[in-house]
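These notes concern the structure reproduced below.
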Amino acid sequence: MNTLKTKNNYKIAIIPGDGIGREVMQATLDVLNTLDLNFEYVYGDAGDECLEKTGTALPQETLNIIKSSDACLFGAAGETAADVIVKIRQEMKMFANLRPVKAYPNTNSLYDNIDFMIVRENTEGMYIADEESYTDDGAIARRIITRNAEKRIIDYAFKYAKENNKTKVTGVHKANVLKKTDGLFREIFYEVANDYPDIATEDFYVDATAMYLITQPENFEVIVTTNLFGDILSDEGAGLVGGLGLIPSANIGEDAALFEPVHGSAPDIAGKGIANPIAMMLSAIMMLRYLGENQNADKFENAILKVLTDANILTSDLGGSATTSELTNEIINNL
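According to the numbering used here, the sequence shown is numbered sequentially starting from 628.
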C-alpha cells in the first residue's frame with residue numbers, strides 16, 4: 628500500500644468531524660506526537676456541526692487542505708456522512724477503499740486466526756447516488772460498472788496481495804443475477820489474474836461469501852469487490868472481530884489518501900470520554916505505512932497489541948472500564 632517514499636516531514640490534514648470523532652482523533656494525535664515523526668497538522672472542518680455553522684457540511688477550504696496534504700486523518704461524521712466522506716472520495720478520486728479485518732487478543736472475535744483485507748471499489752456502483760425522482764410505482768436507482776474502474780481496483784487488489792505476501796485473491800460479485808454488470812466484473816477479474824500467475828484466484832457470489840465469512844473466514848486473504856457489496860461485507864467482517872471499534876480503513880487515490888475508522892460519530896456516548904480510539908489509531912497506522920514510515924507503524928501497532936494482550940486497561944466495548952485517555956496513556960507507556 629506504500630505509495631510515498633519516506634521523507635523528512637509531512638503535511639497531514641486533520642478533520643475531527645463530529646461526536647466521538649473529535650475524541651478519538653485527539654487520542655490518536657497524542658500517540659503520534661510521541662513517535663519520531665515530523666508532522667505538520669492542518670485542521671479542516673466538516674460534518675454536522677460544520678453544516679450548522681457554515682451552511683455546508685464540506686467547505687471548499689477543507690477540500691483544499693486535503694488536496695495540499697500528503698495524507699488525511701478523518702474522525703467521524705454524523706448525518707452528513709454521505710455529503711462529506713463520499714464527496715471527498717469522489718473529489719479526490721480515491722478509488723480504493725481498504726478495510727482490514729483482523730482478530731486481536733481479548734476481544735469478542737469469533738475466531739483467533741482471522742486476518743484478511745477487503746478491497747472495495749470506491750467510485751461507482753450503487754453509491755454514485757444516481758436516483759431518479761419517485762415514480763408512480765416507487766423509485767429507480769442506477770448502478771454503474773465500468774471496465775476502467777473495475778480493472779483498476781482489481782489490479783490494485785492483486786498488487787496489494789503481491790506486496791504483502793498474500794497468496795490468494797477472491798473476487799466477489801453476483802454475476803448469476805446481474806449478468807451484465809457483475810458478469811463484466813468477473814470477466815475482468817480473471818483477465819487481471821492472468822498477470823499474476825503466482826497468486827491463487829477464486830470467485831464467489833456475494834451471498835455465499837457472506838456465509839463463508841462466518842463459516843470459514845480463515846480461508847480469505849484478500850477480497851476484491853464492488854462498492855455496495857464491499858460496504859456490507861466490511862461491516863460483517865467487523866462483527867467477526869469484535870465490532871466497529873477495531874476496524875480501520877483507508878481511501879486511496881493516485882495522488883491522495885484519507886484514513887478513517889469505520890465507526891460513526893456515536894452521539895450516545897460523545898463527550899463522555901469513554902470512546903474506544905483503537906480503530907482511529909489503527910487507521911493512523913495504515914497512514915504511516917502509506918507514507919513509508921513502517922518502523923513507526925510497527926512500534927505503534929505493537930503498543931496497541933500489548934494493551935489488548937494484557938487486557939488490564941480496556942474501554943467498555945472491550946469488556947473493561949477505562950476511559951479514552953486512560954487507554955491512550957497506556958498505549959503511550961508501552962511505546
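Every residue gets a Cβ at the ideal spot worked out from N, C-alpha and C, and that includes glycine.
Since the model is a prediction, treat every value here as computed from it, not as a measurement.
Answer yes or no: do Ile-879 and Met-721 have a C-beta to C-beta separation smaller than 8 Å? Yes; because the gap between Cβ atoms is below 8 Å, this pair is in contact.
Under three-state DSSP, which class holds Tyr-761? Of the three classes helix, strand and coil, the one that applies to Tyr-761 here is coil, per DSSP.
Does the beta-carbon of Asn-629 have 16 or more other beta-carbons within 10 angstroms, so that it is buried, or is it exposed? Reliability of the predicted coordinates at Asn-629 is poor, the pLDDT of 47 falling under 50, and the value obtained from them is presented with this limitation in mind. Under the 10 Å beta carbon count, Asn-629 is surrounded by fewer than 16 other beta carbons and is classified as exposed.
Under a three-way DSSP split, which group does Val-711 fall into? The answer is helix: DSSP assigns Val-711 an H, G or I state.
Express the C-alpha separation of Gly-674 and Gln-653 in angstroms, rounding to a whole number. Taking the straight line from one Cα to the other gives about 17 Å.
For Glu-777, collect the residues of the same chain with a Cβ closer than 6 Å to its Cβ; drop the 5 residues on either side in sequence, then sort them by chain order. Around Glu-777, the same chain offers Phe-812, Ile-815 as residues with beta carbons nearer than 6 Å, after the five sequence neighbours per side are excluded.
Suppose you measure from the CA of Val-711 to the CA of Ala-704; what does that come to, to the nearest Å? Between Val-711 and Ala-704, the C-alpha separation is close to 7 Å.
Would the beta-carbon of Pro-904 fall within 8 Å of that of Thr-951? The beta carbons of Pro-904 and Thr-951 sit closer together than 8 Å.
Rounded distance between the beta-carbons of Ala-698 and Met-908, thought under 8 Å: Not a contact, Cβ separation roughly 15 Å.
Report yes or no: do three or more beta-carbon pairs, one from the stretch 791-803 and one from the stretch 831-838, lie closer than 8 Å? Pairwise C-beta distances place the stretch 791-803 in contact with the stretch 831-838, as three or more of them are shorter than 8 Å.
By Cβ distance below 6 Å, which residues in the same chain neighbour Met-719 in space, the five residues on each side in sequence not counted? Closer than 6 Å at the Cβ level, and outside the excluded window around Met-719, lie Gly-880, Ala-883.
Give a yes or no on whether the C-beta atoms belonging to Leu-918 and Tyr-731 are separated by under 8 Å. No Cβ-Cβ contact shorter than 8 Å links Leu-918 with Tyr-731.
Please identify the residue among Ile-958, Lys-899, Ala-911, Leu-860 whose C-alpha is closest to the C-alpha of Glu-650. The shortest C-alpha separation from Glu-650 is found at Lys-899.
Suppose contacts are defined by Cβ-Cβ distances below 8 Å. Is Ile-784 in contact with Val-851 by that definition? The amino acid occupying residue 784 in the given sequence is Ala; Ile does not appear at that position. A contact, by the Cβ cut-off of 8 Å.
Span separating the alpha-carbon of Asn-849 from that of Gly-947: Note that residue 849 corresponds to Val in the displayed sequence, not to Asn. Each residue's alpha carbon lies about 32 Å from the other.
Distance, Thr-681 Cα to Arg-726 Cα: Rounded to the nearest angstrom, the two C-alpha atoms are 32 Å apart.
Please say whether Leu-871 and Ile-606 have beta carbons closer to each other than 8 Å? Past the boundaries of the shown model lies residue 606; the chain is included only from 628 to 962, so the question cannot be answered.
Own chain partners of Ala-897 with C-beta closer than 6 Å, once the 5 adjacent residues on each side are dropped: Excluding residues within five positions, the ones whose Cβ falls inside 6 Å are Gly-646, Ile-647.
Between the CA atoms of Ala-902 and Asn-960 - distance to the nearest angstrom: Spanning the two alpha carbons is a distance of roughly 19 Å.
Rounded separation between Glu-748 and Asn-660 - CA only: Their Cα atoms are separated by approximately 33 Å.
Beta-carbon within less than 7 Å of Thr-689's beta-carbon, same chain only, minus the 5 sequence neighbours each way: which residues are those? Cβ contact annotation for Thr-689 (same chain, cutoff 7 Å, sequence separation greater than five): Ile-642, Gly-671, Asp-672, Ala-673, in chain order.
Where do the N-terminal and C-terminal ends of the alpha helix (DSSP H) with Ile-745 fall, by residue? From DSSP, Ile-745 is part of no alpha helix (DSSP H) but of the beta strand (DSSP E) over 742-748.
According to DSSP, simplified to helix, strand and coil, what is Asn-878? Three-state result, Asn-878: strand.
Does the Cβ of Gly-644 have 16 or more other Cβ atoms within 10 Å, making it buried, or fewer, making it exposed? The residue is buried, with at least 16 neighbouring Cβ atoms inside 10 Å.
Smallest Cα separation from Phe-701: which of Phe-666, Ala-906, Leu-867, Ile-780? Among Phe-666, Ala-906, Leu-867, Ile-780, the Cα nearest to that of Phe-701 belongs to Ala-906.
Would you check if the distance between the CB atom of Asn-733 and the CB atom of Ala-938 is smaller than 8 Å? Pairing Asn-733 with Ala-938 gives a Cβ-Cβ distance under 8 Å.
Cβ-based neighbour list, Glu-751, same chain, cut-off 7 Å, excluding 5 preceding and 5 following: So the list reads Ile-771, Ile-772, Thr-773, Ala-776, Asn-854, once near-sequence residues are dropped.
Going by C-alpha distance, which of Met-753, Ile-958, Tyr-738, Asp-742 is nearest Ala-709? Scanning Met-753, Ile-958, Tyr-738, Asp-742 for the CA closest to the CA of Ala-709 turns up Met-753.
Are there 16 or more other CB atoms within 10 angstroms of the CB of Asp-809, so buried, or fewer, so exposed? Asp-809 should be labelled buried.
Helix, strand or coil at Gly-857 [DSSP, three-state]: Helix.
Is the beta carbon of Phe-927 closer than 8 Å to that of Leu-662? Contact flag set, yes.
In or out: Thr-942 buried (at least 16 other Cβ within 10 Å) or exposed? Buried: at least 16 other Cβ atoms inside 10 Å.
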